[in-house]
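Here the structure comes first, spelled out in structure tokens, and everything after it is commentary.
Numbering (our numbering), first residue to last: 995 to 1236.
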């Protein structure tokens, strides 16, 4: 079994991936599962930033939450010999709507959040935490479990800009590596409606690219449904013989 590297979402600490790590170790005994922090990434230095992240990760399987999932797709595109499979969690091909990708965050909503992060970062983070857990029956518990990374406000703004610009449709359509996209039915940041669009991008037979939707979960999927995610990930790796 190859090593599994877990990447958190935007502004999230590595600790937020620990519940999933524990569930994967239980489901795949003997496997190596490590949590990694996202780099201080920005548009002007994205190539060297991604290269440094790739160097920091062991060869194997990439599992990324939200922005972490989008970066995982980019890493696999650049280093296909290094990363044998990708699992994205509550992650979209385009985080912000495009004319031909409607199942995403409205552009005006994103612009307002970006402006709020620039002017009132602490208040914006609190509102973001509410959005991450919105739609969950465990909202209060999940809200307490969220932990922020150690990035400064400027670094978070740079990462937000990357999140807005990334368009993974081409790498998702062209990748020959096994991929799994896990979405949440009550996600307010990445609409579950993206599932059908992601299916259309992938392998029509479903043997390479797969999509799974948990009907009752929120964007906080790794914290809310780690056992379900671990089962989905293990099934992909076992069926693909990764």
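Where a beta carbon is used, it is the ideal one built from N, C-alpha and C, also for glycine.
Here the structure is a predicted model, which is why all the values come from computation and not from measurement.
Within its own chain, the residues whose Cβ lies closer than 8 Å to the Cβ of residue 1132, once the five positions on either side in sequence are excluded, are 1218, listed in chain order. When only Cα atoms are considered, residue 1144 and residue 1004 end up about 11 Å apart. Taking the Cα of residue 1079 as reference, the smallest distance to any Cα among 998, 1182, 1184 and 1188 is reached at 998. Boundaries of the alpha helix (DSSP H) harbouring residue 1222: 1220-1234, taken from the DSSP string. Residue environment: residue 1130 is assigned as buried (16 or more neighbouring CB atoms within 10 Å of its CB, all protein chains considered).
Setting aside the 5 residues that flank it on each side, residue 1139 is surrounded in the same chain by 1217, each with a C-beta closer than 6 Å to its C-beta; the list follows chain order. For the options 1231, 1141 and 1224, the alpha carbon positioned closest to that of residue 1020 is the one of 1224. In this structure, DSSP gives residue 1191 a helical state, which the three-state scheme calls helix. The residue among 1193, 1181, 1153 and 1157 with its C-alpha nearest the C-alpha of residue 1166 is 1193.
Between the alpha carbons of residue 1085 and residue 996 lies a distance of about 23 Å. Straight-line spacing of the CA atoms in residue 1088 and residue 1161 works out to 5 Å.
About 15 Å separates the Cβ atoms of residue 1000 and residue 1067, ruling out a contact at the 8 Å cut-off. One alpha carbon belongs to residue 1190, the other to residue 1071, and they sit about 22 Å apart. Rounded to the nearest angstrom, the Cβ distance from residue 1183 to residue 1111 is 14 Å, too far for a contact under 8 Å. Looking at the backbone, the Cα of residue 1094 and that of residue 1187 are separated by about 13 Å.
In the DSSP assignment, residue 1019 falls within the alpha helix (DSSP H) that extends over 1012-1021.
The segment 1111-1181 is shown to contain whole beta strand (DSSP E) runs of 3 or more residues at 1173-1178, in chain order. In the structure shown, the three-state DSSP call for residue 1075 is coil. Rounded to the nearest whole angstrom, the C-alpha separation of residue 1044 and residue 1211 is 30 Å. Taking 8 Å as the cut-off, the beta carbon of residue 1006 is found no closer than this to the beta carbon of residue 1222. Sixteen is the threshold: since fewer than 16 other Cβ atoms of the shown chains lie within 10 Å of the Cβ of residue 1092, the residue is exposed.
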